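I have placed the structure first, in the form of structure tokens, so that the comments after it can refer back to it.
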Amino acid sequence: MSTNHLKSFLSGESGAVTVDWVVLTAALVGLGLAVISVVSGGLENLSGDINDQLEQDHVNTGFGAGDTEEEDG
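Per my numbering, numbering through the sequence shown is continuous, rising by one, with the last residue being 128.
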């Protein structure tokens, strides 16, 4: 009786949809993690470049300070 039950269990397809969804979900999670790992490296480099550029830029806080020359005349 146990072999018939085992054969029936192995040949049954009532839970096959659940298995398909589990495999599909695992594949999507894996793809998401792969995308995150690739994109995060690029974002770290880009944010470092932006930080370096912002540190180099100087902003004049005074209006017109040092921009005009006085002419003697």
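We put the beta carbon where it would ideally sit given N, CA and C, even for glycine.
Given the structure is predicted, the values throughout are model-derived calculations rather than measurements.
- In the DSSP annotation of this structure, the continuous segment of the alpha helix (DSSP H) that includes T58 starts and ends at S57 to S66.
- T58 and G87 have their C-alpha atoms some 42 Å from each other.
- Each residue's CA atom was taken as its position, placing L61 and V84 some 32 Å apart.
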